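As structure tokens, the structure follows; a few thoughts come after it.
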Amino acid sequence: MADGEVSADAEPEADVESGDDSDSGSEEDGDERSGGSAEDLLVREGDIAGDYLERLLDLVDYDGDIDLDVEAGRAIVSIDGGDDLEKLVGPRGNVLEAVQELTRLAVQQETGTRSRLMLDIAGWRADRREELRDLGRATAERVLSGEEERIRLQPMTPFERKVVHDAVAAVDGVHSESEGEDPRRRVVVFRQT
């Protein structure tokens with residue numbers, strides 16, 4: 001690990017919950033497509049995703065309860081309750097990210113529109129969000145204290161970077177940027193000048 005680089009798996013010292021926990025980008029959220037309201041389309045995305053994931057769980061013979069919701073302009077789908085679900089998360093959420101992308105593609109095939117749905121399995125993404133908020137806040141505080149002028153975190157997924165950026169944005173006097181190319185893209189936290 002290079003000087004001034006912090007692992008995204010590190011245990012942060014700060015205990016803070018701040019920022020928007022959505023992984024929203026600059027994509028359109030509230031437009032009406034195909035004559036229905038945006039909310040109706042997101043509910044339909046969730047239903048399609050739920051059906052797809054139910055079939056997947058049946059194929060691998062895993063138990064799990066599927067919950068569908070709409071938050072912050074996107075469909076939210078979560079699977080909880082089964083003992084084998086950790087296998088669908090994988091190391092650092094790698095399998096979860098792949099299942100999410102497959103689910104988005106299944107929704108796109110049915111609707112003809114690219115989906116931004118968010119999938120969580122066994123509460124992993126919710127737990128990870130809390131860890132990343134703490135890491136973002138602790139890193140911002142370290143930079144603010146003058147301990148280091150800039151800190152580069154380990155490479156992260158877009159979801160992880162968004163959570164860290166939001167946590168850093170809640171601290172006055174610091175800002176963050178992403179640098180590099182996926183899959184090595186990382187957050188860098190700077191003192192504001």
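The opening position of the sequence shown corresponds to residue 1 in UniProt numbering, with each subsequent residue numbered one higher. Glycine included, C-beta positions come from ideal geometry on N, C-alpha and C. The model shown is predicted, which means the values in this text are computed figures rather than measured ones.
How many Å lie between residue i and residue j at the Cα?
i, j, result
"Val171", "Asp134", "12 Å"
"Gly19", "His165", "With a pLDDT of 32 at Gly19, under the threshold of 50, the modelled position of this residue cannot be trusted, and the question is left open."
"Gly93", "Ser145", "32 Å"
"Val188", "Arg125", "22 Å"
"Ala169", "Thr139", "12 Å"
"Arg186", "His175", "14 Å"
"Ala49", "Leu105", "9 Å"
"Val143", "Asp120", "31 Å"
"Val84", "Glu101", "Residue identity check: residue 84 is Asp in the sequence provided, not Val. Their backbone Cα atoms lie some 20 Å apart in a straight line."
"Leu96", "Glu86", "9 Å"
CB residue i to CB residue j, shorter than 9 Å?
i, j, result
"Glu141", "Arg191", "no"
"residue 231", "Ala167", "Here the chain covers residues 1 to 193 and nothing more, so residue 231 does not appear."
"Thr103", "Leu42", "no"
"Ile76", "Asp65", "no"
"Gly82", "Asp63", "yes"
"Leu88", "Ala122", "yes"
Is it buried or exposed for residue i, if we count other Cβ within 10 angstroms and need 16 for buried?
i, result
"Gly112", "exposed"
"Gln109", "exposed"
"Arg161", "buried"
"Gly46", "buried"
"Arg152", "buried"
Next on the checklist: Does the structure place the segment 40-59 close enough to the segment 123-131 that three or more beta carbon pairs sit under 8 Å?
Outcome noted: With the cut-off at 8 Å, the segment 123-131 and the segment 40-59 do not touch.
Checklist entry - Should the segment 144-158 be regarded as contacting the segment 104-123, the criterion being three or more beta carbon pairs within less than 8 Å? => result Judged by Cβ distances under 8 Å, the segment 144-158 makes no contact with the segment 104-123, as fewer than three pairs qualify.
Next on the checklist: Report the start-end ranges of each beta strand (DSSP E) in the UniProt domain "R3H" (126-193) that is 3 residues or longer and not cut off at the edges.
Outcome noted: Under the rule that a run must span 3 or more residues, the beta strand (DSSP E) segments found entirely inside the UniProt domain "R3H" (126-193) read 150-153, 174-179 and 186-191.
Next on the checklist: If we require 3 or more residues per run, which beta strand (DSSP E) segments fall completely within the segment 83-107?
Outcome noted: Those beta strand (DSSP E) runs which fall completely within the segment 83-107 and span 3+ residues do not exist here.
Checklist entry - Which residue spans inside the segment 27-81 form an unbroken alpha helix (DSSP H) run of at least 4? => result Along the length of the segment 27-81, whole alpha helix (DSSP H) runs at least 4 residues long occupy 38-60, reported in chain order.
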